[in-house]
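First comes the structure, then the notes that go with it.
Protein chains: 2
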Amino acid sequence: MTLLPRRLDQTCIEEFLSSFDNVLSDCDGVLWYGDTLLGQANEALNQLRALGKKIFYVTNNSTKSRDEYVAKCKRLGYIADKEEIVSSSYVMAQYLKQLDFNKKVYIIGMSGMTKELDDVGIGHSEVAPEPLTGHVFDLVDTIKLDPEVGAVAVGFDGHFSFPKIMRAASYLNNPNCLFICTNTDEKFPIENSSLIFPGTGCLVKCVEVVAERPPVVMGKPSEKMFSVISDKHQLKPSRTLMIGDRCNTDILFGKNCGLHTLVVLSGVTTMKDLEDWADSTDEEKHKLLADYYLPELGDLVSLLNNRNIQ
Amino acid sequence: MTLLPRRLDQTCIEEFLSSFDNVLSDCDGVLWYGDTLLGQANEALNQLRALGKKIFYVTNNSTKSRDEYVAKCKRLGYIADKEEIVSSSYVMAQYLKQLDFNKKVYIIGMSGMTKELDDVGIGHSEVAPEPLTGHVFDLVDTIKLDPEVGAVAVGFDGHFSFPKIMRAASYLNNPNCLFICTNTDEKFPIENSSLIFPGTGCLVKCVEVVAERPPVVMGKPSEKMFSVISDKHQLKPSRTLMIGDRCNTDILFGKNCGLHTLVVLSGVTTMKDLEDWADSTDEEKHKLLADYYLPELGDLVSLLNNRNIQ
Numbered sequence: 124m125t126l127l128p129r130r131l132d133q134t135c136i137e138e139f140l141s142s143f144d145n146v147l148s149d150c151d152g153v154l155w156y157g158d159t160l161l162g163q164a165n166e167a168l169n170q171l172r173a174l175g176k177k178i179f180y181v182t183n184n185s186t187k188s189r190d191e192y193v194a195k196c197k198r199l200g201y202i203a204d205k206e207e208i209v210s211s212s213y214v215m216a217q218y219l220k221q222l223d224f225n226k227k228v229y230i231i232g233m234s235g236m237t238k239e240l241d242d243v244g245i246g247h248s249e250v251a252p253e254p255l256t257g258h259v260f261d262l263v264d265t266i267k268l269d270p271e272v273g274a275v276a277v278g279f280d281g282h283f284s285f286p287k288i289m290r291a292a293s294y295l296n297n298p299n300c301l302f303i304c305t306n307t308d309e310k311f312p313i314e315n316s317s318l319i320f321p322g323t324g325c326l327v328k329c330v331e332v333v334a335e336r337p338p339v340v341m342g343k344p345s346e347k348m349f350s351v352i353s354d355k356h357q358l359k360p361s362r363t364l365m366i367g368d369r370c371n372t373d374i375l376f377g378k379n380c381g382l383h384t385l386v387v388l389s390g391v392t393t394m395k396d397l398e399d400w401a402d403s404t405d406e407e408k409h410k411l412l413a414d415y416y417l418p419e420l421g422d423l424v425s426l427l428n429n430r431n432i433q
Numbered sequence: 124m125t126l127l128p129r130r131l132d133q134t135c136i137e138e139f140l141s142s143f144d145n146v147l148s149d150c151d152g153v154l155w156y157g158d159t160l161l162g163q164a165n166e167a168l169n170q171l172r173a174l175g176k177k178i179f180y181v182t183n184n185s186t187k188s189r190d191e192y193v194a195k196c197k198r199l200g201y202i203a204d205k206e207e208i209v210s211s212s213y214v215m216a217q218y219l220k221q222l223d224f225n226k227k228v229y230i231i232g233m234s235g236m237t238k239e240l241d242d243v244g245i246g247h248s249e250v251a252p253e254p255l256t257g258h259v260f261d262l263v264d265t266i267k268l269d270p271e272v273g274a275v276a277v278g279f280d281g282h283f284s285f286p287k288i289m290r291a292a293s294y295l296n297n298p299n300c301l302f303i304c305t306n307t308d309e310k311f312p313i314e315n316s317s318l319i320f321p322g323t324g325c326l327v328k329c330v331e332v333v334a335e336r337p338p339v340v341m342g343k344p345s346e347k348m349f350s351v352i353s354d355k356h357q358l359k360p361s362r363t364l365m366i367g368d369r370c371n372t373d374i375l376f377g378k379n380c381g382l383h384t385l386v387v388l389s390g391v392t393t394m395k396d397l398e399d400w401a402d403s404t405d406e407e408k409h410k411l412l413a414d415y416y417l418p419e420l421g422d423l424v425s426l427l428n429n430r431n432i433q
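Heads up: the sequence lines are chains R and D, in that order.
Plus 123 on top of the position in the first sequence (first one is 1) and you've got this note's numbering.
Plus 123 on top of the position in the second sequence (first one is 1) and you've got this note's numbering.
And the structure:
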C-alpha cells in the first residue's frame, strides 16, 4: 500500500465530489500566483460552487483586508463574498474579540491587520516604517513603550526593522502581554527566479527568540482558522475539503481539523516531495500527505466537463 | 551534594589560583556594562596578570574590530594587546582563512566584521543600511545577486532589514554557499530599563528559518573560539579558566572545551538561575553551572589583597 495521494481522475471524480459539501481553498499557489491567475483555477472553483458546494477562501496572507481580497478574487474571475474570505488577520481580530481583549495591539505588519482590528473595534499601533535613524544603542533612551499595549501581533512586514523587534520584545517582557502571529510560513513561492522571498515565519521566529516564548499562531496549520469558519457557518469537518499547495500548512491544517484534502502541485509542493514523504519512516511526514493530488486546480475543469458528457 | 557553583572566598582562593595559568574573560557583563567599567573588574584582571596569568578577552560581540577593543580596554583601565583580543568577528576571519575561502562574503553586520576580513584579505559586501524603499514585491525585480558571493555571515546589525534577509536567503539557496554567524546570543543586558535589547541570535534565527539550514557558529559556546586561541598560544584546557556572566554561552563554552569556570552575577545570570538549574532534573541545565561564582569580578580584588596580607 502506498501512502501517496491518489491522482484525482475520471475514475474517482464521483466518489471525490460526493465526499464534501464545503470547500476551503488556499489562495496563493492554488488560485493565483502573485497577481496572475493560475490556469483555469477560477473556472474549477466556480464550477464547484455551481454544484452547490460552499466555498471559502482561506489564506495565511495577512497583508490585505477581506474587502481587498474580494476585489482581487473578482478581478481574477472568482465569485467571492466578504463572508467567504478567511484571512489570518481576520482570525486574529476574531480571536482577540472572543477574549474580550480591551487593550491595544502593537503590530509588526501591514494594513490588512489594522483594518480587521478596526472592524472589531480593537485599538492598535499604526503600521509604518521605523528604520534605525541614530546609533543603535541610543534606542535604549529613545524608545518609549505605550502602557496601553497588551498584545504583540506579528504578520508580514517589508519594513521589519531592529527598532520594531526591540519594541515587540520589550512589550513581551511583560508576561501578561499576549503574543500572537498571523502565520509561520517560511517563504513565498517566486516563479522563475533565483531569489528567495522571505515569509512571515522568519520575522515571527526572530521576535520569538528574543521574547523567549512562542506565539499563538492564527493561520494554518492552526485549528483556530477552522473554528472561526465552522462556528459561524456550522461546517462539518467530515463534509469539508481543504485544497492547498503547501503541505506543512494547508494539508497539515486539513488533517489537524479532520477534513478531506487535495494538494495541487502548482505552488510550493512538488511530486518529489510527496514521494519523499511517502517513503519516509517519519510518521510526521505522513501527515503532510493529502488524500488526492492534481498538477493544478484547473485540471478539475476537464474532469467535471467529461463527467457531464458521460 | 549540591551542584551549585562554590562561592569563591578566602578559604578556596589558593586552590583556585593554582588551578590555572590562562584566563579567558568575557567582556560585556563581566568587565564592563556598555561603556561603563564594572566595579573593580579592571583591577582584578590586572592583578591576575601580575600573578603571571595569561589574559585573553573573549567576546561574542562582533561590532568592533580588535584594535577598537584594545582602545576600549585601555580606556577602562585594562592592560590589553591586540593578540589578546578574541572576538567572534576575528574567529570568523580565521575560520574562513583556514578554509582557503577565496570568494566574497555577504555580510549582515557592522564594521567589526569587515575590518577583520580585510585583515586576512577576504572580500566582502559593504555594511550599510538597506531599508525597503519601494513596494516589497518589487524586490523580486530590483535585487541583483553578486555571483562572487560564496558565504553569508550574520552578526549584529542595527540596520537589519527585509531586503537584507532576502539577499541572505537567496545566496543561501545555493547549497555551496557557506552560512556562518558570529554568535547566537538572544539579547544584550540593559540595566535599569523595562526595554529588551535584541541580540544577534534573533537575527541569525530569522535568516536560518528562511534559509532552512543552520549556520556554523563562531562565538561561544562553539569550541571554534577556543581552538583559534589555543592553536596560536598553545593553551592547555586543564590550565585555563573561563570567566563569564552568561551561562548558556560563556560557561557552556568553558565546559565544552574542558576549562575551569567562574560565573559572575553582574550580567545576565542571577543567583536564582543557578539555584533553578542546580535543582533541575534536566542534565542539560547542569552544564550551565560553573565551578565557582562571585557577585562580580571586582570582588576578587579583596580576596587577592587579603591573601597577600596573610
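Where is the CB? At the ideal position from N, CA and C, for every residue including glycine.
For clarity, every value in this text was computed on a predicted model and none was experimentally measured.
- In the DSSP annotation of this structure, the continuous segment of the alpha helix (DSSP H) that includes tyrosine 213 of chain D starts and ends at 211-221.
- Scanning the region 137-200 of chain R for uninterrupted beta strand (DSSP E) segments of 3 residues or longer gives 145-148, 177-182, listed from N- to C-terminal end.
- Its Cα nearest to that of glutamine 221 of chain D, the residue D:Leu240 stands out among D:Gly232, D:Leu240, D:Asp264.
- Beyond the five residues adjoining it in sequence on each side, tyrosine 294 of chain R comes within less than 6 Å, by CB distance, of Tyr229, Val272, Val275, Cys300 in the same chain, given in chain order.
- Within the region 248-259 of chain R, contact with chain D at the beta-carbon level (separation under 9 Å) is assigned to Pro252, Pro254, Leu255, His258, Val259.
- DSSP, reduced to helix, strand and coil, places leucine 385 of chain D within a strand of the structure shown.
- The residues Arg189, Glu239, in chain order, have a CB closer than 7 Å to that of tyrosine 213 of chain D in the same chain once the five nearest residues on each side in sequence are set aside.
- Collapsing the DSSP output to three states places cysteine 370 of chain D in a helix.
- Within the same chain, Leu126, Trp400, Ala401, Ser403 come within 8 Å of histidine 409 of chain R by CB-CB distance, once the 5 residues on both sides are set aside.
- Short of 7 Å from the beta carbon of cysteine 380 of chain D, and not among the five residues preceding or following it, lie these beta carbons of its own chain, in chain order: Glu346, Phe349, Pro360.
- Residue pairing of leucine 301 of chain R in beta bridges, as defined by DSSP: R:Ala274.
- Per the Cβ contact rule, the region 406-422 of chain R is not in contact with the region 326-342 of chain D (fewer than 3 Cβ pairs under 8 Å).
- The residue among D:Met215, D:Val263, D:Lys195, D:Thr307 with its C-alpha nearest the C-alpha of arginine 290 of chain D is D:Val263.
- Annotated three-state conformation of histidine 258 of chain D is coil, per DSSP.
- Counting the other CB atoms within 10 Å of its CB gives threonine 186 of chain D a total of 16 or more, which places it among the buried residues.
- In this structure, the beta-carbon distance from lysine 310 of chain D to valine 333 of chain R falls below 7 Å.
- Counting the other Cβ atoms within 10 Å of the Cβ of glutamate 249 of chain D gives fewer than 16, which makes it exposed.
- Listed by position along chain D, the residues whose Cβ is nearer than 7 Å to that of phenylalanine 224 of chain R form an empty set, because the closest Cβ is around 21 Å away.
- Collapsing the DSSP output to three states places proline 128 of chain D in coil.
- DSSP places lysine 287 of chain D inside the alpha helix (DSSP H), whose first and last residues are 285-295.
- Cα atoms of arginine 362 of chain D and threonine 305 of chain D: separation of roughly 26 Å, rounded to the nearest angstrom.
- At a cut-off of 7 Å between beta carbons, valine 351 of chain R makes no contact with chain D.
- Under the 7 Å criterion on CB atoms, isoleucine 313 of chain R is classed as interfacial with respect to chain D.
- Interface annotation for the region 320-349 of chain R against chain D: Phe320, Pro321, Gly322, Gly324, Cys325, Leu326, Val327, Lys328, Cys329, Val330, Glu331, Val332, Val333, Ala334, Glu335, criterion Cβ-Cβ distance under 9 Å.
- At a cut-off of 7 Å between beta carbons, alanine 292 of chain R contacts chain D.
- Taking a beta-carbon distance threshold of 7 Å, asparagine 306 of chain R does not count as an interface residue toward chain D.
- The Cβ atoms of alanine 167 of chain D and leucine 423 of chain D lie closer than 7 Å to each other.
- In its chain, beyond the 5 residues on either side, Ile231, Glu253 have a beta carbon closer than 6 Å to the beta carbon of lysine 287 of chain D.
- With 16 or more other CB atoms across the displayed protein chains lying within 10 angstroms of its CB, proline 128 of chain R is buried.
- For methionine 394 of chain R, the nearest beta carbon of chain D is not closer than 7 Å to its own beta carbon.
- Glycine 235 of chain R places its beta carbon 7 Å or farther from that of proline 312 of chain R.
- Within the same chain, Pro312, Glu314, Ser389, Gly390 come within 8 Å of tyrosine 156 of chain D by CB-CB distance, once the 5 residues on both sides are set aside.
- Counting along the chain, isoleucine 202 of chain D sits inside no beta strand (DSSP E), nor does DSSP assign it H or E at all.
- Taken atom to atom, the span from the alpha-carbon of leucine 364 of chain D to that of cysteine 196 of chain D is near 20 Å.
- When DSSP states are grouped into helix, strand and coil, threonine 363 of chain R belongs to the strand group.
- Beyond the five residues adjoining it in sequence on each side, tyrosine 180 of chain D comes within less than 7 Å, by CB distance, of Ser148, Cys150, Tyr192, Cys196, Ala203, Glu207, Ile208, Val209 in the same chain, given in chain order.
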